[in-house]
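In the working numbering, the protein residues as written are 4 to 372.
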């Protein structure tokens, strides 16, 4: 239950109305206040508070004012007496609820395992699901839900592991078991699967390709986790990543095979994505090297002719002043023929020439790789 309440929220949720007053009746003192608070708490939460401190202080003050009992009197209300049991029974009857039974426990655990556990991993949300279901069926939830949630999770895990194991071929099972064998070369693959790719480079790319091929050779069936949520498979993958080989060997066979299957299944997809990124990174790296190499080569040509702006200005001025003269007589006296040849050579170092040279260097770079 929320701890902070606005005035309008208190009025809307904690105000005693007609039928509430009939139930409160002629109770007095701490009993009157305690009953009124139990009544409104149950109306809001569809369950009873486990202890007095669970009731928001603002609500205690507000209800105490309505029933004419000091809020401090709540401390004298017994939470372990026959009176509170009678009060709870009276409130359950008023709302059409009944107590939770052992049969309900089995039913709710089975429902959680079948419907909720496949899509929800959080223990807190599993408890919330039980509370919502209890309210819908007008059943007062038990004081502690850990037993129901634990039973449901255990049942679901057994089913999930058995279903996964049943889909594995004998050859695949053997290959997976070899990953955690105490003396087997396949153990290196398990360590590799848990390792990050490393820096961008050809060796890294080839190593990841080898890793992917090794995973595919395990023979995991295509539809192994087709009916399992991605969140569920990721949770088992994370659990396997945290486990040491000795932990996996100590686990029950179906759990061990499911952990290894989830790890290899998800890592196969992750390695495939990493290979794409590595390849793109490698191409960018080669391209950058080619660009820098060509830039160094062409920079020398670009630096050979100094004062290009002044030369171009003099050429333009001579052309404007002597529009009718031939090039040799009008321009060569202004800028020497050798300088003009060097300018032409520099002009050829334009973007097209640059890109063509880059392509040539790229082909050479890829060949060397």
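Even glycine gets a Cβ: it sits at the ideal position worked out from N, Cα and C. These numbers come from a predicted model, not from an experiment.
Buried or exposed for residue i, please, with buried defined as at least 16 other CB atoms from any protein chain shown within 10 angstroms of its CB.
{"i": "residue 98", "result": "exposed"}
{"i": "residue 18", "result": "exposed"}
{"i": "residue 82", "result": "exposed"}
{"i": "residue 35", "result": "buried"}
{"i": "residue 144", "result": "buried"}
{"i": "residue 264", "result": "buried"}
{"i": "residue 107", "result": "buried"}
{"i": "residue 2", "result": "Any answer about residue 2 is impossible in this case: the structure gives the chain only from 4 up to 372."}
{"i": "residue 275", "result": "exposed"}
{"i": "residue 279", "result": "exposed"}
{"i": "residue 135", "result": "exposed"}
{"i": "residue 62", "result": "buried"}
{"i": "residue 80", "result": "buried"}
{"i": "residue 283", "result": "exposed"}
Between the Cα of residue i and the Cα atoms of the options, which residue gives the shortest distance?
{"i": "residue 235", "options": "266, 283 and 111", "result": "266"}
{"i": "residue 105", "options": "130, 148 and 71", "result": "148"}
{"i": "residue 220", "options": "240, 233 and 271", "result": "271"}
{"i": "residue 137", "options": "102, 278 and 43", "result": "102"}
{"i": "residue 222", "options": "282, 74, 176 and 76", "result": "176"}
{"i": "residue 13", "options": "258, 231 and 68", "result": "68"}
{"i": "residue 218", "options": "54, 178, 95 and 257", "result": "178"}
{"i": "residue 153", "options": "129, 30, 5 and 94", "result": "129"}
{"i": "residue 172", "options": "283, 226, 213 and 273", "result": "226"}
{"i": "residue 213", "options": "277, 127 and 76", "result": "277"}
{"i": "residue 166", "options": "262, 185 and 114", "result": "262"}
{"i": "residue 45", "options": "74, 9, 96 and 80", "result": "96"}
{"i": "residue 146", "options": "54, 191, 64 and 114", "result": "54"}
{"i": "residue 230", "options": "133, 185 and 164", "result": "164"}
{"i": "residue 89", "options": "41, 64 and 127", "result": "41"}
Compute the Euclidean distance between the alpha carbons of residue i and residue j, then round it to the nearest angstrom.
{"i": "residue 7", "j": "residue 125", "result": "25 Å"}
{"i": "residue 168", "j": "residue 162", "result": "10 Å"}
{"i": "residue 52", "j": "residue 251", "result": "42 Å"}
{"i": "residue 196", "j": "residue 181", "result": "14 Å"}
{"i": "residue 118", "j": "residue 25", "result": "41 Å"}
{"i": "residue 110", "j": "residue 85", "result": "29 Å"}
{"i": "residue 193", "j": "residue 247", "result": "10 Å"}
{"i": "residue 11", "j": "residue 60", "result": "16 Å"}
{"i": "residue 116", "j": "residue 155", "result": "5 Å"}
{"i": "residue 47", "j": "residue 16", "result": "7 Å"}
{"i": "residue 78", "j": "residue 91", "result": "18 Å"}
{"i": "residue 43", "j": "residue 254", "result": "48 Å"}
{"i": "residue 260", "j": "residue 183", "result": "10 Å"}
{"i": "residue 28", "j": "residue 22", "result": "10 Å"}
{"i": "residue 228", "j": "residue 257", "result": "15 Å"}
{"i": "residue 87", "j": "residue 37", "result": "9 Å"}
{"i": "residue 151", "j": "residue 286", "result": "55 Å"}
{"i": "residue 139", "j": "residue 76", "result": "34 Å"}
{"i": "residue 273", "j": "residue 224", "result": "17 Å"}
{"i": "residue 240", "j": "residue 160", "result": "14 Å"}
{"i": "residue 291", "j": "residue 216", "result": "30 Å"}
{"i": "residue 4", "j": "residue 50", "result": "11 Å"}
{"i": "residue 132", "j": "residue 74", "result": "33 Å"}
{"i": "residue 308", "j": "residue 336", "result": "Its pLDDT being 49, under 50, residue 308 is placed unreliably in this model, and the value from its coordinates should be taken loosely. Looking at the two C-alpha atoms, the distance is approximately 17 Å."}
{"i": "residue 288", "j": "residue 123", "result": "43 Å"}
{"i": "residue 242", "j": "residue 191", "result": "19 Å"}
{"i": "residue 30", "j": "residue 114", "result": "41 Å"}
{"i": "residue 127", "j": "residue 56", "result": "21 Å"}
{"i": "residue 93", "j": "residue 9", "result": "29 Å"}
{"i": "residue 245", "j": "residue 64", "result": "50 Å"}
So residue i packs on residue j, CB below 8 Å; how close in whole Å?
{"i": "residue 39", "j": "residue 20", "result": "Actually they are not in contact, since the Cβ atoms of residue 39 and residue 20 sit about 12 Å apart, beyond 8 Å."}
{"i": "residue 32", "j": "residue 66", "result": "Rounded, the Cβ-Cβ distance is 14 Å, inconsistent with contact."}
{"i": "residue 237", "j": "residue 269", "result": "7 Å"}
{"i": "residue 58", "j": "residue 100", "result": "The Cβ separation is near 19 Å, so there is no contact."}
{"i": "residue 158", "j": "residue 112", "result": "7 Å"}
{"i": "residue 249", "j": "residue 121", "result": "Actually they are not in contact, since the Cβ atoms of residue 249 and residue 121 sit about 30 Å apart, beyond 8 Å."}
Do we get a CB-CB distance below 8 Å when we pair residue i with the residues of chain B?
{"i": "residue 56", "result": "Here there is only one protein chain, and chain B is not present."}
Length-filtered (4 minimum) alpha helix (DSSP H) runs lying within the segment 135-210 = 149-169, 173-181 and 190-197
inquiry  = So within the segment 68-115, which uninterrupted alpha helix (DSSP H) runs reach at least 4 residues, ignoring any that extend past its ends?
reply    = 85-98 and 105-114
Alpha helix (DSSP H) segments (min. 4 residues) lying fully within the segment 226-257 = 233-245 and 248-253
Complete runs of the alpha helix (DSSP H) confined to the segment 31-71 [at least 4 residues] = 32-48 and 60-70
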